[in-house]
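Peer 1:
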Amino acid sequence: MGQSSFTLRVLCVVRSIPVGRVSTYGDVAKLAGRPRAARAIGNIMRNCSDQSVPCHRVIAAGGQLGGFRNGRWIKHSLLLAEGLSVRRGRLHNFPSIRWDGKNSHNTTEPV
DNA sequence: TGGTTGACGGTGG
DNA sequence: TCCACCGCCAACC
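Spelled out as structure tokens, the structure:
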């Protein structure tokens with residue numbers, strides 16, 4: 023504990039991501055109040071060992087999974103378990119399942 | 001206190 | 001479509 027306010031806010035935002043939805047590092051950073059702190063989000067996620075934080079729902083921009091170092095396939099499996107389609111390391115319907123912070127009760131949105 | 005690293009974003013070639 | 005450069009922010013040494 024004893025994380026910075028920004029870190030706590032980031033964790034809170036990530037925990038707010040609905041099941042079946044994903045968000046990018048940039049989006050989480052923006053929701054946390056630092057639109058330019060996308061890199062910092064990666065560090066926080068990496069350092070985050072909290073099971074209540076679905077870090078696998080946080081991916082890179084363009085629908086890429088990111089995390090080439092580790093957890094890449096972990097995210098892949100977890101995302102597949104949530105009914106998402108991953109194609110060549112990227113979400114097939116990324117724009118459709120992208121979560122912009124708004125409480126969209128309609129999960130399966132047919133675009 | 002200062003410099004480097006890293007699960008990134010966006011633009012250009 | 002893929003690769004390279006620059007910018008931005010927090011954690012670590």
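Just add 22 to the spot in the first sequence (first one is 1) and you have this note's numbering.
Even glycine gets a Cβ: it sits at the ideal position worked out from N, Cα and C.
All values reported here derive from a predicted model rather than from experimental measurement.
1) Can you confirm whether the stretch 101-112 touches the stretch 59-69 when touching is taken to mean that 3 or more C-beta pairs between the two stretches lie within less than 8 Å?
2) In terms of alpha-carbon separation, which member of R31, V44, V32 lies closest to N107?
3) Quick one, are the C-beta atoms of V32 and I63 less than 8 Å apart?
4) For P76, is the classification buried or exposed, using 16 other Cβ atoms within 10 angstroms of its Cβ as the cut-off for buried?
5) Compare the C-alpha of R150 against each of F116, R58, V50, P117 and name the closest.
Peer 2: Taking the definition as stated:
1) no
2) Mapped onto the first sequence, residue 107 falls at position 85. As written in the sequence, residue 107 is Ser, which differs from the Asn given in the question. Here the closest residue by C-alpha is V44.
3) One-based indexing of the first sequence puts residue 32 at position 10. One-based indexing of the first sequence puts residue 63 at position 41. Yes, Cβ-Cβ distance for V32 and I63 is below 8 Å.
4) On the first sequence, position 54 is the one that residue 76 refers to. Classification of P76: buried, given that the 10 Å Cβ count is 16 or more.
5) With the chain running from 23 to 133 in the structure shown, residue 150 is simply not present.
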